[in-house]
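Order-wise, the sequence lines are chains L and C. Quick note, the first sequence lines up with residues 7 to 605 if you use our numbering. Quick note, the second sequence lines up with residues 297 to 542 if you use our numbering. Ideal placement from N, C-alpha and C gives every residue a C-beta, glycine not left out. The next block holds one structure in the form of structure tokens; read it before the comments.
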Amino acid sequence: MWLYLKPTLRVKNREPVKAAAAYFSMILLLIGFTAAKAHGGTQFERILGPWKFYPADHPDFKDPGYDDSKWSEVPDPRIPRNPIGVKWLRLSIPFQSDTGPLIFSLVDLQSAYEVWWDGHLLARNGKVGVDRVSEVPGTIHFSFLVDGSYTTKGMHLLGIRYSNFHDFSIDDYSIYPSLADQLSLGDGLHRFFIRLILNFGICLSAFLIGIALFTGGGMFKSYIYFSLIVLPSWLVFGFFGLMYAINLPSWFAGVKQLLYFFIYNGTYFFIGMFFIIYFRVPRRYFYFSLMILLLLTNIVTRWNGIISLYSWQYYVIQIMIHLLNLGLLVYGIFRKRPGSWIFLTAYLVFFLTLPLEISGLTFMKHVLIYDIAFFLFIFILFFTVTAQLRIQIRKQHNLEVRTMRLESEILKKAIQPHFLMNTLASLQSWSRRDPEKTALMIQAIAGEYRMINEIVSETLIPIGEELKLCRHHLELMGYRRDAKYELICDPPCDTEMIPPLIFHTLIENGLTHAMVPKENGTFWFSCFREPGKTRCSLKNNGSLLDTNLTYPAHAIKEGTGFKYIKARLEEAFPGRWNLHYGLKEGKWEVEIMIQKKGT
Amino acid sequence: MGSGDHDTKKRDMKILIVEDEPPIAVDIEEYAIGFFGDNLEKITSVYTFEEAGSFLARDCIDLCLLDLNLSGKNGFDILKECVSHDFHTVVVSAYTERAIEAFKYGILDFVPKPIDEKRLELAFERFLGRLKIEGKGTAYLVVRKKNENFLLSVDQVCYFKADGYLVEIHRIDGSSDLIEKSLNKLEQILPEHFFRVHRSYIVDTGFITSYRHKGGGIYEIKLKNGTLIPLSNTKVKILRQFISEG
Chain L
7 MWLYLKPTLR
17 VKNREPVKAA
27 AAYFSMILLL
37 IGFTAAKAHG
47 GTQFERILGP
57 WKFYPADHPD
67 FKDPGYDDSK
77 WSEVPDPRIP
87 RNPIGVKWLR
97 LSIPFQSDTG
107 PLIFSLVDLQ
117 SAYEVWWDGH
127 LLARNGKVGV
137 DRVSEVPGTI
147 HFSFLVDGSY
157 TTKGMHLLGI
167 RYSNFHDFSI
177 DDYSIYPSLA
187 DQLSLGDGLH
197 RFFIRLILNF
207 GICLSAFLIG
217 IALFTGGGMF
227 KSYIYFSLIV
237 LPSWLVFGFF
247 GLMYAINLPS
257 WFAGVKQLLY
267 FFIYNGTYFF
277 IGMFFIIYFR
287 VPRRYFYFSL
297 MILLLLTNIV
307 TRWNGIISLY
317 SWQYYVIQIM
327 IHLLNLGLLV
337 YGIFRKRPGS
347 WIFLTAYLVF
357 FLTLPLEISG
367 LTFMKHVLIY
377 DIAFFLFIFI
387 LFFTVTAQLR
397 IQIRKQHNLE
407 VRTMRLESEI
417 LKKAIQPHFL
427 MNTLASLQSW
437 SRRDPEKTAL
447 MIQAIAGEYR
457 MINEIVSETL
467 IPIGEELKLC
477 RHHLELMGYR
487 RDAKYELICD
497 PPCDTEMIPP
507 LIFHTLIENG
517 LTHAMVPKEN
527 GTFWFSCFRE
537 PGKTRCSLKN
547 NGSLLDTNLT
557 YPAHAIKEGT
567 GFKYIKARLE
577 EAFPGRWNLH
587 YGLKEGKWEV
597 EIMIQKKGT
Chain C
297 MGSGDHDTKK
307 RDMKILIVED
317 EPPIAVDIEE
327 YAIGFFGDNL
337 EKITSVYTFE
347 EAGSFLARDC
357 IDLCLLDLNL
367 SGKNGFDILK
377 ECVSHDFHTV
387 VVSAYTERAI
397 EAFKYGILDF
407 VPKPIDEKRL
417 ELAFERFLGR
427 LKIEGKGTAY
437 LVVRKKNENF
447 LLSVDQVCYF
457 KADGYLVEIH
467 RIDGSSDLIE
477 KSLNKLEQIL
487 PEHFFRVHRS
497 YIVDTGFITS
507 YRHKGGGIYE
517 IKLKNGTLIP
527 LSNTKVKILR
537 QFISEG
């Protein structure tokens, strides 16, 4: 049975291996990820405050005795970007006992700062300046050892004097100050890196598998969008890793903020694109445009500071993007597209991260929920894509089996005992009355059988060969039905390649359904090469034609013949052919259009 | 169980040939003319089901010679139409694997293609009742109601009763229908367990519980449902023998 398979088709059957590999690697990565998560925690203790903030500078601000009760409070701490200049952050820290040496660490504060402890300058990151020239930006991560003599029992004042002339953030942003002993800091960093590397690995694998499926699995566009969905996350995790490996200047915190912005927007945008392609949404360019419009609105308004992060306008745009994606999902469900329910469930889980954000929790605080939801979504997405792939493979396999079955059926039809017996009965009849005609009929039978034997197992044959076979068949049927049949080819066309027995089957249909015995009939064949396509047409007359039929005719029950033709065309020209039939100017016409590859 | 008393002995026989290959139709015509000779009044060949349908609607025939696969259409539809009328049908077809199924619909014979003249003559002999039909396998009768054909399993039939030109079919459940086929023709095609007990009755012997002599040479049969049916005194001996053979 497999002997009939073409080499190219066999290659496609390796797909289940790829799909299974992708599926299992995703499961393993997910298990690894969740296991690491279970043992991990927040990266290390963050000094939340509330800190006191003042957007100006004064020498007294370093003194523990200075009254900062009128200063504004910054919870989280999430500090305002504006105004640009020298600013202060202060926080009173009580120690219950002598704590010993601690490591002070500060991440993401832009651009340069000094750390004061009870009025003493402990460290500098860059150089605080009064303008862009005098300011020297520090590094994105900054840490130093606080001597045990400072961390004695009692109340202490932690002051941060900073300037932000090299601020690259687009909005208010969070900073990460912490104070921890060496052991817990190291442990926290260790956990943080494990999680980072895992996330990076998951996204990279998902990205690469998507690309591999696209290039090796029939160039389905949805795979590319799948890769693009994970691309922003992958870049961010990669950037995070880089950030810790190299001591980058503090303004990279602004770039990081931009990346977060693109994670959200890019991810939702590509998810939308994926749904449009995967669910085969009609008027896709309209939805593409709508998606791009929302994305641009989001970018432009945020960029120019028209809409600030976490403002209601920001959420309106976010919700609109979500609603559009949900709308596409509902379309998928409505159209019963495979996996649409799973996608919806996953998307809703993902969607839950939004109210958490609205509730005032920062991105990093609900990172665990976000990560789980996101990776669950990615996992399900992958699972469904591979399931879809399996369906396509099954379809391909079924098509092959069907073609083989139909090939054998059509062969059976041509040389089946009934055809043979009826032909012999006719031959017997002619032999009793007209020996000359009998001899001609024997030649016609031999001619037809010889040709069928030559071409039936070929995938493609020249049209000239097919037409030769048709003429043999018409001659034979002429004797059997006591009629004269003619096949007119205009313009002559012999070289185009088509699957075998296509027009032979159509001629057989024409004889059976359009012409009564003893009725002479004519078939007209034409084949035109047009830019990017070939159009073949076969027409016939006949007294049995239903004059109520139109072109194209729809209410025709297609028999084995048409099923065979369609299966052979799909096998030879996958997705690049179409077939119409119906009554045109009193003649039955079947038109087959084959598009050239790559048009 | 054949009977010599056939209405096909008449000289004005009419035959219809339904065959989509004209040379074969000519052959069959010639064979029929050769066999029936002067007894044949009219022989007609048609090439399509449509032609056959309109012919049967306006003409009466005695025998139909039918090709099962005409222009790719299912011959069983026309076969159902044919067997519902009061004429015999002989199928002439290359589809020998469907012969058993065709017999279930009550055809008289099945002649395979290419046609052997001797085999066709055998079918004609059977039509004339000169030859016993072996292993008659009619499983269904086609009952026509309001121009629609319904299949009735012969297993549901208790007995047949002649009613003028028609025949009443009495079912086990007490209901009845009318068919156009004569008792003579039914007798030729029905399975062996159906017995012509009287000139107006054919009974499924499985339903007979007893028979009795009413006196004066009149006999009657009692069926399981209590129905009493006259029994010809000429048939008593055969019935006794038939029942004792099981």
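Between the segment 75 to 91 of chain L and the segment 59 to 66 of chain L, the count of Cβ pairs shorter than 8 Å is three or higher; the stretches touch. Collapsing the DSSP output to three states places residue 445 (chain C) in a strand.
Sequence-distant partners of residue 474 (chain C) (beyond 5 residues in either direction) whose C-beta falls short of 8 Å from its own C-beta, in its chain, are 439, 459, 462, 463, 464 and 465. For residue 315 (chain C), the closest C-alpha among the options C:348, C:331, C:329 and C:336 is that of C:348. With contacts defined by Cβ atoms closer than 8 Å, residue 185 (chain L) and residue 258 (chain L) do not form a contacting pair. Within chain C, the C-beta atoms nearer than 8 Å to that of residue 524 (chain L) come from 318 and 343, in chain order.
Measuring C-alpha to C-alpha distances from residue 579 (chain L) to each of L:525, L:591, L:249 and L:601 identifies L:601 as the nearest. Shown here, residue 452 (chain C) sits in a helix according to DSSP, grouped into three states. Taking C-beta atoms as the reference points, residue 280 (chain L) and residue 297 (chain L) fail to come closer than 8 Å. Taken in chain order, the unbroken stretches of beta strand (DSSP E) that lie wholly in the segment 327 to 371 of chain C and span 3 residues or more are 336 to 342 and 359 to 362.
Counted as a single uninterrupted DSSP element, the alpha helix (DSSP H) harbouring residue 432 (chain L) occupies residues 423 to 439.
Taking 8 Å as the Cβ-Cβ cut-off, the segment 570 to 599 of chain L has no residue approaching chain C.
Taking residue 161 (chain L) as reference, the option from L:124, L:583 and L:395 with the minimal CA-CA separation is L:124.
Here residue 96 (chain L) is not near residue 179 (chain L), since their CB atoms are 8 Å or more apart. With 16 or more other CB atoms across the displayed protein chains lying within 10 angstroms of its CB, residue 401 (chain C) is buried.
Shown here for residue 584 (chain L): same chain residues with a beta carbon closer than 6 Å to its own, the five before and five after excluded, namely 599 in chain order.
With 16 or more other CB atoms across the displayed protein chains lying within 10 angstroms of its CB, residue 531 (chain C) is buried. With 16 or more other Cβ atoms inside 10 Å of its own Cβ, residue 454 (chain C) counts as buried. The three-state reading of DSSP puts residue 481 (chain C) in helix, counting H, G and I together. Under the three-state reduction of DSSP output, residue 539 (chain L) falls in the strand class. Taking the Cα of residue 328 (chain C) as reference, the smallest distance to any Cα among C:310, C:397 and C:345 is reached at C:310. Put simply, the CB of residue 327 (chain C) is far from chain L, with every gap to its CB atoms at 8 Å or more. If you draw a straight line from the Cα of residue 424 (chain L) to the Cα of residue 442 (chain L), it is about 25 Å long. C-alpha of residue 147 (chain L) to C-alpha of residue 220 (chain L): approximately 39 Å in a straight line. For residue 323 (chain C), the nearest CB of chain L lies under 8 Å from its own CB, placing it at the interface with that chain. Contact annotation: in the segment 379 to 403 of chain C, residues whose CB is within less than 8 Å of a CB in chain L are 390 and 391. Interface criterion not met: the Cβ of residue 339 (chain C) is under 8 Å from no Cβ in chain L.
Cβ contact annotation for residue 376 (chain C) (same chain, cutoff 6 Å, sequence separation greater than five): 438 and 445, in chain order. The Cβ atoms of residue 344 (chain C) and residue 351 (chain C) lie no closer than 8 Å to each other. With respect to the 8 Å criterion, residue 461 (chain L) and residue 498 (chain L) are not classified as neighbours on the basis of their beta carbons. Between residue 271 (chain L) and residue 305 (chain L), the beta carbon gap of about 7 Å places them in contact (Cβ cut-off 8 Å). Straight-line measurement puts the Cα of residue 251 (chain L) at about 15 Å from the Cα of residue 241 (chain L). Annotation: the segment 223 to 254 of chain L contains no complete segment of the beta strand (DSSP E) (minimum length 3 residues). Closest in C-alpha terms to residue 301 (chain L), from the list L:323, L:287, L:318 and L:190, comes L:323.
Taking C-beta atoms under 8 Å as the contact rule, residue 102 (chain L) and residue 174 (chain L) fail to qualify, at a distance of about 40 Å. In this structure, the straight-line span from the alpha carbon of residue 278 (chain L) to that of residue 217 (chain L) is close to 18 Å.
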